[in-house]
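For the sequence shown, this note's numbering assigns the number 512 to the initial residue and increments by one for each residue that follows. Using N, Cα and C, we set each Cβ at its ideal position, and we do this for glycine too. Have a look at the structure below, then the notes.
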Amino acid sequence: MVASSKRVVDGEEQRSSCSRYRLDTVSDLWAQGFAPGEVNLTQLQQEPCVDGWTYSKDIYQSTIVTEFDIVCSDQWKQPLTTTVYFSGILFGSFVLGQVSDRFGRKPVFFGTIAFQALSMFAQAFSSSWIMFTTFIFFTGVGHIGNLVSAFVLGAEILIGRARVMFTTLGMGLSFATGYMMVPLLAYFLRNWKYLQMALALPSLLYLPFWWFIPESPRWLLSQGRVEEAEAIMQKAAHTNKVKAPVVIFEDFNTGDEEAKNEKHHTMLDLFRTSNIRRTTIILCLLWFSMCTGYYGISLNTSKLTPDPYLGSLFSAAVEVPASFCIWFGLKHLSRRILVGGSLFIGGASFLLKLAIPSSLLWLTVTMEMIGLPNGTEKYSYGDLLHILPSGKLPRPIHLTTEFEINIPTPSGDGVVSSRVLYRSRLSSRDL
């Protein structure tokens, strides 16, 4: 007689993975000569799987789920782990904006890279779920710090076509390349600890670039550090074989004290005037629309296809053409048309997906892959929303927008999306 209890899922009777019939009761019935079909199983007492679980290793050899047994009554910890990560992003976006404005883009960029790498290594050596989630929170803080400071640093150093190239193709293709490396590494490194350490290593490779990447001249000027800004611009001119004037920032020579005493802007400045307030609210709505769909799909990419590695790889690969589309569109179309068109195509593809029978898996995946880059692709279309504030808002509060509007809104969506996916799985429905 099998001790595993049964439950009904989608109208079919299946053996439960979370409970079993009491072993002493089963043993007594077996000793009395009862066969499985002769016993009314619904009347038997059940108990949790107090002796632990045996996990299938057909796809994954080791995960945090199997490491810390966050299943059954502890299954709620799975989406909470994702929620904690996005909470770290949310926290970092509010704090690091002010830190970057005070101490510079470059220190925040490299400091958060090191912080993220150390946090990821610490995750690999976690001895409990609480310890793991604590470090994943710190990983989220470090992640958002180096992401946005890198974007702002590049956007403030570069101008014209080079700036557009960096904010679309540069950021988009870099993210897509890293994204594609994750399922590839996961395929060969089936143990989550080895995978975690492999994902942390690239961050350390960036640290030597401290001696090659300059501070933002715009930030230096805002702090009254004109000589340092002059030196950076002179070096750039020499590298590009351009003859620069002896004094580049002549107008700043007599305004050092005024620059040093310049007001530090906060989130409240985004709502002080009607024009900036309207732009801020629109940006929030755009981010909300984009990221709700993006995270809803991205957090579930492993279930797009029977092979979770292939599904994640598809999701990453579509971000490459998306980056080129946004880059091409910025050269030939207005930003308003790009944003509106992206939202329309993305929303339409998701609605069409609802009408496709579940048996047509290839068509369902196609619709999701069309919607992911066009309506909700985070780094190509997302870069477009990063670029918008620089043209719509005064430059002194552009960084404030980056950290306190452009990032908290999508990270908040990530928190919500992880909870929605968890509820959908509990109800056995695919959202």
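Query raised in the report: Where do the ends of the alpha helix (DSSP H) carrying Gln707 lie?
Result: 703-716
Query - Extent of the continuous beta strand (DSSP E) run through Glu558 - result: 557-559
Requested in this report: Taking Thr644 as part of the alpha helix (DSSP H), name the residues at either end of that continuous run.
Outcome: 640-668
Query raised in the report: What did DSSP end up calling Arg531 once you bin it into helix, strand or coil?
Result: strand
Query raised in the report: When DSSP labels each residue in this structure, what does Ser869 get in the three-state scheme?
Result: Coil.
Requested in this report: Answer yes or no: do Trp703 and Ser573 have a C-beta to C-beta separation smaller than 9 Å?
Outcome: yes
Query raised in the report: Can you round the beta-carbon distance between Ala666 and Thr679 to whole angstroms, since I take them to be within the 8 Å contact cut?
Result: Going by Cβ atoms, the distance from Ala666 to Thr679 rounds to 11 Å, so no, they are not a contact pair.
Query raised in the report: Based on the DSSP secondary-structure assignment, which residues constitute the bridge partners of Ser573?
Result: Asn702
Report task. State whether the stretch 591-600 contacts the stretch 645-657, with contact taken as three or more CB pairs (one from each stretch) at a distance under 8 Å. Result -> yes
Query - Those runs of the alpha helix (DSSP H) which lie wholly inside the stretch 819-859 and span at least 4 residues - result: Entirely contained in the stretch 819-859, the alpha helix (DSSP H) runs reaching 4 residues are, in chain order, 819-828, 830-843.
Query raised in the report: Going by alpha carbons, who is nearest to Trp730 out of Val610, Glu558, Gly651, Ile624?
Result: Val610
Query raised in the report: Below 9 Å between beta carbons: does that hold for Ala687 and Val831?
Result: yes
**Report entry** Proximal residues to Phe620 (C-beta, below 7 Å), its chain only, five neighbours per side dropped
**Finding:** Asn657, Ser660, Ala661, Leu664
Query - Distance between Ser584 and Cys529 (C-alpha atoms, nearest Å) - result: 8 Å
Query raised in the report: Distance, Cα to Cα, Met631 vs Pro590?
Result: 19 Å
Query - Cβ contact (3+ pairs, closer than 8 Å) linking the stretch 700-715 and the stretch 837-852 - result: no
Query raised in the report: Taking the alpha helix (DSSP H) that Arg616 falls in, what are its first and last residues?
Result: Following the DSSP letters along the chain, one finds Arg616 inside the alpha helix (DSSP H) bounded by residues 616-635.
Requested in this report: Quick one: grab the DSSP three-state call for Tyr806.
Outcome: helix
Query raised in the report: What's the gap between the Cα of Tyr690 and the Cα of Met708?
Result: 16 Å
Query - Alpha carbon of Leu810 to alpha carbon of Pro713, nearest angstrom - result: Distance between the alpha carbons of Leu810 and Pro713: 23 Å.
Report task. Using alpha carbons as the reference points, say which of Phe579, Val582, Tyr571, Arg531 lies closest to Glu558. Result -> Arg531
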